[in-house]
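In our numbering, the protein residues as written are 26 to 297. All residues carry an ideal CB built from backbone N, CA and C; glycine is no exception. Beneath this line is the structure, given in structure tokens, with notes to follow.
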């Protein structure tokens with residue numbers, strides 16, 4: 026049974042003439058890493074967290090089920106124990122005078138005992154490699170460090186699902202790399218990860234599935250190599266550079282290898 030399931034989901038924002046999701050059906054297994062692309066990727070993520078339909082005005086039909094819980098019938102606070110959400114701008118999630126203050130804030134609201142709070146704090150900061158900065162002021166950190174602290178502030182609640190909406194959009198390449206190093210470790214630990222982004226370069230090698238939503242409908246939901254075989258000629262979809270090169274030379278070079286997702290795989294493919 027799927028861990029996250031969209032059953033014929035349609036959603037129209039209040040005041041909008043057309044729905045942004047139209048009859049979406051998607052099933053995601055526990056432990057998967059799913060990259061979401063297209064014009065409704067953020068809306069898709071908001072449905073998983075329960076912000077839609079509870080916090081955002083609009084008209085919703087169909088059901089979203091996360092870990093056996095139907096989101097429309099559950100409180101956002103209940104869903105937050107299972108689904109952690111990381112926003113584009115880490116500044117929107119950091120408001121304390123210290124890194125550890127931001128990270129333990131959610132635990133204080135949950136009345137977690139002090140001893141367990143310390144254990145979870147250290148666990149989360151170690152995962153994102155920010156434990157040496159626990160007493161630092163967040164405003165003094167780099168963009169990548171701030172986003173890693175924002176991720177820790179979500180991980181401290183030990184959610185089963187992590188949803189990230191363009192988490193590296195505001196970061197420089199170094200900061201983006203730092204965030205994806207964290208996501209790689211989380212994937213290895215079995216966390217279910219849903220990431221909405223327009224840049225597939227870092228996502229494709231990590232993803233178990235990739236989802237493209239256009240004009241409100243699912244256009245493709247496949248593992249990365251099959252995904253690019255089906256949609257590489259879509260003019261609105263950015264391709265990883267190595268994937269773009271592969272399809273440009275596939276016919277001239279009569280290539281029949283699997284689609285490369287990394288430079289290393291590309292070297293192997295083109296070297297044969």
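Exercise. Would you please state the rounded distance, in angstroms, between the beta carbons of residue 1 and residue 55? I believe it to be under 8 Å.
Key: The requested residue 1 is not part of the displayed model; the chain covers only 26 to 297.
Practice problem: Identify every run of the beta strand (DSSP E) within the segment 87–165, keeping only runs that are complete inside it and at least 3 residues long; order them along the chain. | Solution: Runs of the beta strand (DSSP E) inside the segment 87–165: 108–111.
Quiz prompt | Close-in-space but distant-in-sequence residues of the same chain around residue 189 (CB under 6 Å, 5 per side omitted) | solution = 111 and 220, listed in sequence order.
Self-check item: Reference residue 91; option with closest CA among 43, 187, 136 and 180
Solution: Comparing C-alpha distances from residue 91 to each of 43, 187, 136 and 180 shows the shortest one belongs to 187.
Quiz item: What are the residues that DSSP puts in a beta bridge with residue 32?
Solution: Beta-bridge pairing links residue 32 to 88.
Quiz prompt | Helix, strand or coil at residue 41 according to DSSP, with G and I counted as helix | solution = It is coil, neither helix nor strand.
Quiz item: Three-state secondary structure (DSSP) at residue 296?
Solution: Reduced to three states, the DSSP call for residue 296 is coil.
Practice problem: Could you work out which residue in 275, 211 and 266 is closest to residue 58 when comparing CA atoms only? | Solution: Residue 211 is the option with its Cα nearest to residue 58.
Quiz item: residue 128 and residue 146: beta carbons closer than 7 Å?
Solution: Going by beta carbons, residue 128 and residue 146 fall inside the 7 Å limit.
Quiz item: If we ignore side chains and look at the alpha-carbon of each, how far apart do residue 117 and residue 253 end up?
Solution: Taking C-alpha positions only, residue 117 is separated from residue 253 by approximately 34 Å.
Quiz item: Helix, strand or coil: how does DSSP classify residue 61 here?
Solution: In the three-state DSSP reduction, residue 61 falls in the strand class (E or B).
Quiz item: In chain order, what residues of the same chain lie with their CB nearer than 8 Å to the CB of residue 264, ignoring the 5 residues before and after it?
Solution: The answer, listed in chain order, is 225, 253, 257 and 272.
Exercise. For residue 138, count neighbouring C-beta atoms within 10 Å of its own C-beta (all shown protein chains included) and say buried if the count is 16 or more, exposed if not.
Key: Classification for residue 138: exposed.
Quiz prompt | Delimiting residues of the beta strand (DSSP E) encompassing residue 279 | solution = Per DSSP, residue 279 belongs to no beta strand (DSSP E) and is neither H nor E.
Quiz prompt | Residue range of the unbroken beta strand (DSSP E) whose run includes residue 235 | solution = Residues 234–239.
Exercise. Would you identify the three-state DSSP class for residue 244, choosing helix, strand or coil?
Key: The answer is strand: DSSP assigns residue 244 an E or B state.
Self-check item: Pairwise C-alpha distance: residue 233 and residue 47
Solution: The straight-line gap from Cα to Cα measures roughly 24 Å.
Quiz item: Which word fits residue 173, buried or exposed, when buried means at least 16 other C-beta atoms lie within 10 angstroms of its C-beta?
Solution: Counting of Cβ neighbours within 10 angstroms places residue 173 among the buried residues, the total reaching 16 or more.
Quiz item: The beta strand (DSSP E) spanning residue 76 covers which residue range?
Solution: It is not in any beta strand (DSSP E) - residue 76 instead sits in the alpha helix (DSSP H) that spans 76–79.
Quiz item: Which residues mark the beginning and the end of the alpha helix (DSSP H) in which residue 208 is found?
Solution: Note, residue 208: alpha helix (DSSP H), 198–213.
Exercise. Kindly give me the distance between the Cβ atoms of residue 238 and residue 76, rounded to whole angstroms, as I take these residues to be in contact under 8 Å.
Key: Not really, about 17 Å apart at Cβ, beyond 8 Å.
Quiz item: Using the rule of at least 16 other Cβ atoms within 10 Å of the residue's Cβ for burial, across every protein chain shown, is residue 72 buried or exposed?
Solution: Looking at its Cβ environment, which holds 16 or more other Cβ atoms inside 10 Å, residue 72 is buried.
Quiz item: Within this structure, are the beta carbons of residue 207 and residue 153 separated by less than 7 Å?
Solution: Yes, the pair counts as a contact, with Cβ atoms nearer than the cut-off.
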